[in-house]
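Data first, discussion second: the structure below is written as structure tokens.
2 protein chains.
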Amino acid sequence: MRIVLVDDHRVVARSLKAFLESFDGLQVVGMAASGEELLEKLDEWQPEIIVQDLLLPGGIDGVETTRRVLRRQPGARVIVLTASTDEARMMGALRAGACGYVRKDAEPETLLAAVRAVARGKQFYDVPPVAGAEEDLTPREKEVLRRVALGRSNKEIADELGVADETVKTHVTHVLSKLMADNRAQAVVQALKRGLVSLDELE
Amino acid sequence: MRIVLVDDHRVVARSLKAFLESFDGLQVVGMAASGEELLEKLDEWQPEIIVQDLLLPGGIDGVETTRRVLRRQPGARVIVLTASTDEARMMGALRAGACGYVRKDAEPETLLAAVRAVARGKQFYDVPPVAGAEEDLTPREKEVLRRVALGRSNKEIADELGVADETVKTHVTHVLSKLMADNRAQAVVQALKRGLVSLDELE
DNA sequence: CGAGAAATCCCCCGAATGCGGGAGGCGCGG
DNA sequence: CCGCGCCTCCCGCATTCGGGGGATTTCTCG
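Chains C and X, in that order, are what the protein sequence lines are. Anchor point for the first sequence: position 123 equals 123 in my numbering, and the numbering is continuous, going up by one each time. Anchor point for the second sequence: position 183 equals 183 in my numbering, and the numbering is continuous, going up by one each time.
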């Protein structure tokens, strides 16, 4: 099994390598710290399985990385290995074509099982604890929410988006309602918890 | 070297074990997923070195874990291994007596170097990229900030703290100034980025 | 003792926020 | 075709925010 690890935490990546390679038949043929790096080396490595964190630095995030990898190598199998219970992002990865999902706080055997299941062409999902009602914000609402998290005022957001501030107020009201938040501060926290925006991308 | 790993991500912990034990003289004699678990097994394991994440589940966080461990085993050496560039929390751990600090996105050799340095009685700090002007909020200001992050209004905070809302306004103004934030939403983001509050503790 | 920080309270004031409602246009799928 | 969701805009209104000023007490530290 030719495996590639994608994790910006090099200590973690190298350790995963040691762990996985302690089992027969598993070989880590490459490690990347970002989506860009993975895409660069993809042809060279020709991995069968990609174990990938969702929280990656650089221009393309984990979900986008998965999407692009599978477009280039439809035969590859992507296992998402992530720390946070990041439902929105996880759903995104699955929709992007990942066929495995393991949380970092799972038993190591779980990851191993995932690798082996996926290698046999099966899917493997370390089931999330709760289904969780998918709060879907409209594209516009997400844009507004992102800017709210950046501390922008309604008027500033209106200027940036080229609309009237009444429009922004409407969007904000809808966002607050959907996130069950009483004000922008709570909306920001909720957005972060649900992975609608990430701390790292703010600034 | 008797090493104990503390990380709630079991996949990561087990992998670290594999990585560290691939070197002579290093032996992982125990792994814990929380501060409580570590404290329970401390007498049994008798570790010389403890490699510990700062973001731990359960009642006691990473900093508090370090503090308690060193109170019980002053001879033990604690290396903090953390993912986020979490300055406030890091400083807390150092003040609590940790003698090593390595970021998870460092080179694996860095962790190895840290273990070996610490084993020889030295300190090892994988220097943070920027010194970062330590914004020290007063205790009261931190209390207020936490509640701002919870989405409380000034009046609500005033009631909770049993003071007048003008007082809260003063504190909030000071916090905004110190965090260089223009409004509460930005203050929340800054607080999260600096580890003054953590996402997990918010509800 | 005196300096200074911390915490508390007070006033004024303009701007931003959040809520309620209404309303028109546009595109997509039944 | 007709409805429905999305985006857009508008009005009014009570509340909250954030900045400015100044004031007091308590406490620590040199």
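For every residue, glycine included, the Cβ atom is placed at its ideal position computed from N, Cα and C. Fair warning: this is a prediction, and the values are worked out from it, not measured in the lab.
Open item on the list: Any beta carbon of chain C sitting closer than 8 Å to that of X:R184?
Closed with: By this cut-off, X:R184 is an interface position.
TODO: In angstroms with no decimal places, state the Cα-to-Cα distance between X:P74 and C:N183.
DONE: Approximately 47 Å, taken between the alpha carbons.
Task: Spatial neighbours of X:V28 in its chain, beta-carbon cut-off 8 Å, leaving aside the 5 residues before and after - done: Result list for X:V28: I3, V4, L5, L16, K17, L20, E21, in chain order.
Task: Helix, strand or coil at X:F124 according to DSSP, with G and I counted as helix - done: Correct three-state label for X:F124: strand.
Open item on the list: Can you pull out the residues from the segment 163-190 of chain X whose beta carbon lies closer than 7 Å to at least one beta carbon of chain C?
Closed with: The segment 163-190 of chain X vs chain C, Cβ under 7 Å: A181, D182, N183, R184, A185, Q186, V188, V189.
Task: Separation of C:Q190 from C:E217, as counted between CA atoms - done: Outside the shown range of chain C, which is 1 to 203, sits residue 217 of chain C, and nothing can be said about it.
- [ ] Identify every run of the alpha helix (DSSP H) within the segment 15-70 of chain X, keeping only runs that are complete inside it and at least 4 residues long; order them along the chain.
- [x] Positions of the alpha helix (DSSP H) runs, each at least 4 residues long and wholly inside the segment 15-70 of chain X, are given as 35-45 in order along the chain.
- [ ] State the DSSP-derived secondary structure class of C:L150, mapped to helix, strand or coil.
- [x] Here C:L150 sits in coil by DSSP.
Task: Unbroken alpha helix (DSSP H) run spanning X:V118, endpoints - done: 108-119 is the extent of the alpha helix (DSSP H) around X:V118.
Task: Cβ contact (3+ pairs, closer than 8 Å) linking the segment 150-169 of chain C and the segment 154-169 of chain X - done: Contact between the segment 150-169 of chain C and the segment 154-169 of chain X is absent: fewer than 3 CB-CB pairs across the two stretches fall below 8 Å.
Task: Residues bridged to C:G100 [DSSP beta-bridge criterion] - done: Answer is C:I79, C:F124, bridged to C:G100.
Open item on the list: For X:L5, list the residues DSSP reports as bridge partners.
Closed with: Answer by DSSP bridge pairing, in chain order: X:M31, X:V51.
Open item on the list: Could you check whether X:Y101 and X:L112 sit closer than 8 Å to each other, using their CB atoms as the reference points?
Closed with: No, the pair does not count as a contact, with Cβ atoms beyond the cut-off.
- [ ] Check whether the Cβ atoms of X:L207 and X:Q52 lie closer than 8 Å to each other.
- [x] No answer is possible for residue 207 of chain X: it lies beyond the span of chain X, which begins at 1 and ends at 203.
Task: Whether C:A187 touches C:L176 by CB criterion (8 Å) - done: Less than 8 Å divides the Cβ of C:A187 from the Cβ of C:L176.
Task: Residue-level contact to chain C via CB, X:E160, 8 Å cutoff - done: So no, X:E160 is outside the interface.
Open item on the list: Are the CB atoms of C:R67 and X:P108 within a distance shorter than 8 Å?
Closed with: Contact flag unset, no.
Task: Burial state of X:G151 (16 or more Cβ within 10 Å) - done: Buried.
Open item on the list: Need the endpoints of the alpha helix (DSSP H) that X:L199 sits in, please.
Closed with: Element bounds for X:L199: n/a, residue is neither H nor E.
Task: Spatially closest choice to C:V12 from X:I50, X:G62, X:R103, by CA coordinates - done: Taking the Cα of C:V12 as reference, the smallest distance to any Cα among X:I50, X:G62, X:R103 is reached at X:R103.
TODO: Look up C:R194 in the DSSP assignment and say whether it is helix, strand or coil.
DONE: Residue state for C:R194 is assigned as coil, using DSSP reduced to three classes.
- [ ] Using three-state DSSP, classify C:A133 as helix, strand or coil.
- [x] With a pLDDT of only 37 at C:A133, under 50, the local geometry of the prediction cannot be trusted, and no value is derived from it.
TODO: Output the distance between the C-alpha atoms of C:D8 and C:V78, rounded to the nearest integer angstrom.
DONE: Their Cα atoms are separated by approximately 17 Å.
- [ ] Ignore the nearest five residues each way along the sequence and tell me which others in X:W45's own chain have a CB closer than 8 Å to its CB.
- [x] The beta carbon of X:W45 is closer than 8 Å to those of R2, V4, V29, G30 in its chain, skipping five residues each way along the sequence.
Open item on the list: Checking 8 Å against the spacing of the C-beta atoms, do X:G199 and C:K193 come in under that value?
Closed with: Looking at the sequence itself, residue 199 of chain X is Leu, so the reference to Gly does not match. In this structure, X:L199 lies near C:K193, with their beta-carbon atoms less than 8 Å apart.
Open item on the list: Just to confirm, is the Cβ distance from X:V69 to X:L38 under 8 Å?
Closed with: Yes, they are a contact pair.
Task: Cutoff 6 Å; reference X:A264; Cβ partners in own chain excluding five residues on either side - done: In the structure as shown, chain X starts at 1 and stops at 203, and residue 264 of chain X therefore has no counterpart that could be examined.
Task: 8 Å Cβ cutoff, X:L196 in contact with chain C - done: Using a Cβ-Cβ cut-off of 8 Å, X:L196 does not count as an interface residue toward chain C, since no Cβ of chain C sits closer than that to its own.
Open item on the list: According to DSSP, simplified to helix, strand and coil, what is X:Q73?
Closed with: Assigned with DSSP and collapsed to three states, X:Q73 falls in coil, not helix or strand.
TODO: State the DSSP-derived secondary structure class of C:A187, mapped to helix, strand or coil.
DONE: Here C:A187 sits in helix by DSSP.
Open item on the list: Using a Cβ-Cβ distance cut-off of 8 Å, determine whether X:S15 contacts chain C.
Closed with: At least one chain C Cβ lies under 8 Å of X:S15.
Open item on the list: Can you check whether the C-beta of X:R77 is within less than 8 Å of a C-beta belonging to chain C?
Closed with: At a cut-off of 8 Å, the C-beta of X:R77 has no neighbouring C-beta in chain C.
- [ ] Report buried or exposed for X:T65, applying the criterion of at least 16 other Cβ atoms within 10 angstroms of its Cβ.
- [x] Buried, by the Cβ-count rule.
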